[in-house]
Amino acid sequence: MAIAAALVSVLSTLQPQFVLNFSEARQHSLTVMAVVRALGQTLREDYVRGEMKMRGELRWLMREGLSDISGVPCARMAYTIKGYCTHVVLRYSVRLVGWPDNIVFDNLSRITGKERVSRLLALWKSGVMHFVPITDTAVLDAAMKDPLAVAPAVLHRGIPPKRHRSDLGKRHRRPKANPYGLPSRYPRDGPKSAEVITDEAEARAEQEARIAELTDLQLVLLRLQRLPFVWPELAA
1 MAIAAALVSV LSTLQPQFVL NFSEARQHSL TVMAVVRALG QTLREDYVRG EMKMRGELRW
61 LMREGLSDIS GVPCARMAYT IKGYCTHVVL RYSVRLVGWP DNIVFDNLSR ITGKERVSRL
121 LALWKSGVMH FVPITDTAVL DAAMKDPLAV APAVLHRGIP PKRHRSDLGK RHRRPKANPY
181 GLPSRYPRDG PKSAEVITDE AEARAEQEAR IAELTDLQLV LLRLQRLPFV WPELAA
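The sequence shown lines up with residues 1 to 236 when you count with the UniProt record's numbering.
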């Protein structure tokens, strides 16, 4: 009984100190967790802000470089292959060189990662990546035929196919002519447009448009050129 009483007295004296130490330890751990979380959020925000700042600086520097070499103050850069060919190469007769081979040529807003953006910015500031004037007319002729011939990088997103309307083959709503959406009186069984317009079809349409602009005399001469030549003796 004496031993039990001694243990109870010892525990009673240690309990307040134990509770105090436990409370201090818990408060300290919560403080450390709060500090770590705050540091994590700050680093993430700084990382994102730094990436956005470098991206904006690179976009501004490339725009200024394009304006300087083209002589057009409001010259704008395009980041699709077709837009780059039309609005940069063919319009200003310049091209971009020095884009790294392991980074996809794309809009700077879609290029993520601080390392990629910082590398592009460093290449531009060092002069490795820059715009150069096109002096060879063969390059411009090739660009008119195929925009991929003047692609500024090895990796790019290509040229998307020409698509038709999303509601092709469906009944279009006509509030005045057919407000109730009733079926057509006559079946629409005419020719259907192709899903993708090929280069051959586009060239054929352009040729037909050019023929339609010819005069009657030009059409007669064109038909005579296509007729086979027959000697009068053979015709008799």
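Beta carbons are placed, not taken as given, at the ideal position from N, Cα and C, and that holds for glycine.
Model, not experiment: these values are computed from the prediction.
Boundaries of the beta strand (DSSP E) around residue 96: 94-97.
C-alpha of residue 50 to C-alpha of residue 142: approximately 40 Å in a straight line.
By the neighbour-count criterion, in which a residue is buried when 16 or more other Cβ atoms sit within 10 angstroms of its Cβ, residue 99 is buried. Three or more pairs of CB atoms, one per stretch, sit closer than 8 Å, so the region 63-74 contacts the region 120-136. In this structure, the alpha-carbon of residue 105 lies about 18 Å from that of residue 52. When 202, 149, 152 are compared, the shortest CA-CA separation from residue 161 is found for 202. By the C-beta density criterion, residue 221 is exposed, having fewer than 16 other C-beta atoms within 10 angstroms.
Going by DSSP, residue 132 is part of no alpha helix (DSSP H) but of the beta strand (DSSP E) stretching over 130-133. A contact between stretches requires three or more CB pairs, one per stretch, nearer than 8 Å, and the region 108-124 meets this requirement with the region 54-62. Shown here, residue 173 sits in coil according to DSSP, grouped into three states, outside any helix or strand.
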